[in-house]
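Novice: Every number in the working numbering is 327 more than the matching position in the sequence shown, counting from 1.
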Amino acid sequence: MQATDKTTVLGTSTLLAGAVQHIAEGDYSVATQGNLVASVGKDTTTAVGGSLMEKIGKIRSSIAAVRQDVWVGSQQINVMALMLETLEVVQELAQQTAGPYAQQHRWAAERRPYAQQHRWAAERRRYQRSRREVWPVENQIRASDWIGVLIDR
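1) Could you compute how far the alpha carbon of Thr331 sits from the alpha carbon of Asp370?
2) Could you tell me the alpha carbon to alpha carbon distance between Ala421 and Met410, rounded to whole angstroms?
3) Return helix, strand or coil for Ala346, following the three-state DSSP convention.
4) Please report the distance separating the alpha-carbon of Leu337 from that of Val364.
5) Apart from the five residues just before and just after Val399, which ones in its own chain have a Cβ nearer than 6 Å to its Cβ?
Okay, here's the thing in C-alpha cells:
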C-alpha cells in the first residue's frame with residue numbers, strides 16, 4: 328500500500344496466516360476497551376530502545392515455571408544478595424562471640440574446686456583462731472592465688 332489504509336470492522340475480524348509482520352516507521356498503537364490476550368506458543372522477545380513504562384491499575388503477577396530471580400536495587404547492587412551476605416556475617420560473629428562465652432562457662436566448672444578450697448581455707452582460719460595453731464605455709468592459700476582466679480573471671 329502506498330497511502331493511508333483504514334479498515335473498519337463492526338463485528339469480529341480473524342486473520343489466519345503462516346506469519347504476520349507489523350513494521351511501522353512511526354508510532355504503533357494497540358488499544359481495546361475490553362481484555363487483551365496475547366498467547367505465545369514458544370518464546371517472546373521485547374527489545375526497547377528507550378524507556379519502558381507500564382501503568383498497572385491493580386495487581387501484576389508473574390509466574391515462572393523453572394526460575395524466578397528477585398532483584399532489588401540497581402544493576403550493580405542486588406539488595407537481596409547484600410542481605411544474605413549480612414546474615415552470613417552476623418552468623419559468623421555470633422559463633423565467634425559464643426566461643427568465649429562457652430569457654431567462660433567451661434572454666435566456671437573448673438573453678439568450682441577453688442571455691443571449695445576457699446571454703447576450706449575459711450574453716451581453717453576459724454579453727455586456727457580458736458586453737459591458736461599455726462598451719463604450715465604450704466597449706467595456706469595466698470591472696471595472689473585468689474587475685475589470679477578473680478582476674479580470669
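Ideal placement from N, C-alpha and C gives every residue a C-beta, glycine not left out.
Specialist: Based on what the coordinates show:
1) In the sequence shown, counting from the first residue as 1, residue 331 sits at position 4. In the sequence shown, counting from the first residue as 1, residue 370 sits at position 43. About 32 Å.
2) What you label residue 421 is simply residue 94 of the sequence shown in a count that begins at 1. What you label residue 410 is simply residue 83 of the sequence shown in a count that begins at 1. Computed Cα separation, rounded: 16 Å.
3) For the purposes of this step, residue 346 is taken as residue 19 along the sequence shown, with counting starting at 1. Reduced to three states, the DSSP call for Ala346 is coil.
4) Position 10 of the sequence shown, counting from 1, holds the residue named residue 337. Position 37 of the sequence shown, counting from 1, holds the residue named residue 364. Going from the Cα of Leu337 to the Cα of Val364 covers about 20 Å.
5) The residue labelled residue 399 in the question sits at position 72 within the sequence shown. Correct list, in chain order: Val406 and Met407.
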